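Each remark here refers to the structure printed beneath this line.
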Amino acid sequence: MPGTLAFAPFLLYSNVDSWEKLGSWLGAQFYPKAQPDAAIRAKVAELTAGSKTPADTVREIYLFVTTQVRNISLQLGLAGYAPTEAAKVFQNMYGHELDKAALLSAMLTAAGFENYPALSRADQVDLLEPSIPSAAQFSRVSIYVPGLFTDSTFANPLYPQTERHGLWLMPIAQYNRYAYYSRGQGARALVILPCGGTLCRIQEFPPEKSLSYSNASLELDAEGNLTGQFKTVTDGLFDAQARLALKDLTPRELEQFFRQATNSVGEGAEMQSDSLSDLRDLTAPASAGLSFSAPEVGVVQGEMMIVRLPQAPFEFAGLPYFPELKEREFDFVADGPFVLASEISLGLPEGWTVAYSPEDLSRSSQFGRWNIDCSISGGRLNFSRRLMLTSRQVKTYDYPDFKKFCESFTLPRYSLLLLEKKAAPGK
């Protein structure tokens, strides 16, 4: 459901008549507090001693502020728009969003980087009212670093970012991969200059940036027992979901998570081993792996065996949203475009042949596209699925078609196998 402001009446007012004047006032509150002192300069020198490129320097500074300086949850504006002095924030090693933005700005300044605070909204779609210059319209602050960065931490198997771009850095985004943000993409932000302010568009990522990619190598025996391993690698929206779900869990809670994931493969499944990337490292994609054995995943009925191909067992790796309702009164709004992809290599049991498997199929619409490919070679079945959703907002009149498109990808027959026992020689 869209945010309340998308459909409910609300009142906006302001005592300034331009964004430039508002930016001047906000800049007068921010910039004097975002000055580096000797201690900050020394810390910057320490953090960046091994940096080989400007991108390395910016990344090291950002990761320090985001992961080492504790967050205080306080809504933007409740404590005013003047941050605590950067030197004090560094001394305390804690602060709310505006405080951490001041420290990040001061450290980037100490490293010689031009940077500007920017106020924006955390909505799924842009709801800014440009005719009313008011700080109350914004809910978060970031630091914009203009420049020509080509940062390798954006890379994933489907989206190797190579174009040059500036960086929008959220100082409290400790559950997002470096320089990624889900909400607010493409929205207008007020970039605060020392002598004014101007509205600019925040960078918007393509669907490939939010990736869930799962790979499985599985073996099926003649009794229908399944063994194998799953590996899931994420980026963007899925990466954030993984960190939110797992980053703060205790070892016992993580063990329970992997056991639940194992159980989702099939009743009686047993976990052999598990793996999890370092979720505290915001430069590496969140990934998880699982090895298992599961009895009777294939159901043998005489000369036939029915097998449902398992999906990735990790909840964060599945569809992040789905159009469940039959109809909607308001627009369908989601956190953004994404790509969901999986590949399965299944070893077939000796003495059995494939009687039915999913056909190669693809479908495109205004909302995205999906495809399914299935082939058999060398005693193995190779199965791949890929869904790309490109729509962030679906109008109510388009919702029925959107629902049909999404449901068509999840039909049970697209994950069903039917195996037949080969006749004995001479029969």
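Just so you know, we're using UniProt numbering here: the sequence shown kicks off at 1 and counts up by one. All C-beta atoms, glycine included, are put in the ideal place defined by N, C-alpha and C. Remember, predicted model here, so these are calculated numbers, not experimental data.
Neighbour-count burial assignment, residue i, 16 or more Cβ in a 10 Å radius
i	result
Ser214	buried
Ala216	buried
Phe322	exposed
Gly266	buried
Arg413	exposed
Arg201	exposed
residue 429	A query on residue 429 cannot be resolved here, the shown segment of the chain reaching from 1 to 427 and no further.
Pro9	exposed
Arg385	buried
Gln75	exposed
Leu411	exposed
Asn15	exposed
residue 495	This structure cannot speak to residue 495, because the chain is shown only from 1 to 427.
Gln185	buried
Ser152	Since pLDDT at Ser152 reaches only 45, below the 50 mark, its modelled position is unreliable, and the value read off the structure follows with that caveat. Exposed, because fewer than 16 other Cβ atoms sit within 10 Å of the Cβ of Ser152.
Thr262	buried
Ala42	exposed
Gly302	exposed
Residue of the options minimising C-alpha distance to residue i
i	options	result
Gly236	Gln256, Gly336, Thr250 and Ile202	Gly336
Ala317	Thr234, Lys33 and Ser365	Thr234
Pro400	Arg385, Asp331, Thr262 and Leu348	Asp331
Glu219	Cys374, Leu63, Arg392 and Ala294	Ala294
Gly77	Leu254, Asp248, Ala136 and Phe205	Ala136
Leu319	Ala341, Glu303 and Val307	Ala341
Trp19	Glu324, Tyr181, Asn92 and Ile192	Ile192
Pro349	Glu329, Glu315 and Leu417	Leu417
Ser264	Leu98, Ser377 and Pro313	Pro313
Pro285	Lys247, Gly298 and Tyr94	Lys247
Ala39	Ala173, Asn176, Lys88 and Gln185	Lys88
Gln35	Phe90, Met271 and Gln393	Phe90
Ala118	Gln124, Leu190 and Thr53	Leu190
Lys395	Phe367, Lys422 and Leu419	Phe367
Tyr62	Glu420, His96, Asp37 and Ala173	Ala173
Gly351	Glu359, Ala423 and Thr109	Ala423
Asp123	Phe64, Asn371, Gly166 and Ala187	Ala187
Val44	Pro194, Thr53, Thr109 and Asn71	Thr109
Gln229	Ser275, Met93, Lys21 and Leu249	Ser275
Rounded straight-line distance, which links the Cα of residue j to that of residue i
i	j	result
Thr81	Gln29	One point to set straight first is that residue 81 is Tyr, not Thr, in the sequence displayed. Cα-Cα distance, rounded: 6 Å.
Glu327	Gln311	28 Å
Phe113	Arg363	47 Å
Tyr144	Gly23	14 Å
Arg59	Val354	51 Å
Ser357	Leu309	10 Å
Tyr116	Gly196	11 Å
Phe405	Met388	11 Å
Arg121	Val300	55 Å
Ala222	Ala288	29 Å
Ala55	Pro146	12 Å
Ala269	Ser408	29 Å
Leu361	Glu255	38 Å
Leu325	Arg259	31 Å
Val333	Leu211	19 Å
Gly27	Leu11	25 Å
Glu46	Ala111	11 Å
Val69	Leu103	10 Å
Phe138	Arg369	34 Å
Asp99	Pro83	5 Å
Glu253	Ala179	29 Å
Leu199	Pro133	10 Å
Tyr181	Asn225	42 Å
Met271	Glu315	16 Å
Glu204	Phe383	32 Å
Ile372	Glu343	10 Å
Gly347	Phe238	29 Å
Leu282	Arg177	5 Å
Gln393	Asn71	31 Å
residue 439	Ala49	Any question about residue 439 goes unanswered here, given that the chain covers just 1 to 427.
Tyr397	Val125	18 Å
Glu296	Lys209	37 Å
Ala79	His96	9 Å
Asp17	Leu127	19 Å
Residue i beta carbon near the ligand ZN (any heavy atom closer than 8 Å)
i	result
Phe338	This structure does not include the ligand ZN; it has no bound ligands of any sort.
Rounded distance between the beta-carbons of residue j and residue i, thought under 8 Å
i	j	result
Ser345	Arg380	6 Å
Ser277	Ser291	Incorrect: roughly 16 Å between the Cβ atoms, too far for contact.
Pro207	Phe338	6 Å
Thr67	Arg280	7 Å
Met170	Ser142	5 Å
Tyr175	Ala101	Between Ala101 and Tyr175 the Cβ distance is about 17 Å, and since that is not below 8 Å, they are no contact.
Whole beta strand (DSSP E) runs in the segment 365-393 with 3 or more residues, listed along the chain?
For the segment 365-393, whole beta strand (DSSP E) runs of length 3 or above, ordered along the chain, are 368-377 and 380-389.
Margin query: Extract the residue ranges of the beta strand (DSSP E) inside the segment 85-113, only unbroken runs of 3 or more that lie entirely within it.
Written below: Here no run is fully enclosed.
Which full runs of the alpha helix (DSSP H) of 4+ residues lie inside the segment 241-293, going along the chain?
-> Annotation note: the segment 241-293 contains the following uninterrupted alpha helix (DSSP H) runs of length 4 or greater, listed N- to C-terminal: 251-263.
Runs of 3 residues minimum, wholly inside the segment 290-362: which ones carry the beta strand (DSSP E) assignment? Counting whole runs of 3 or more residues, the segment 290-362 contains the beta strand (DSSP E) stretches 298-301, 304-308, 338-347 and 352-356.
| said: Ignoring anything shorter than 4 residues, give me the alpha helix (DSSP H) runs that lie fully in the segment 16-92, in order along the chain. | reply: Qualifying alpha helix (DSSP H) stretches, in chain order: 19-30, 38-47, 54-68 and 86-92.
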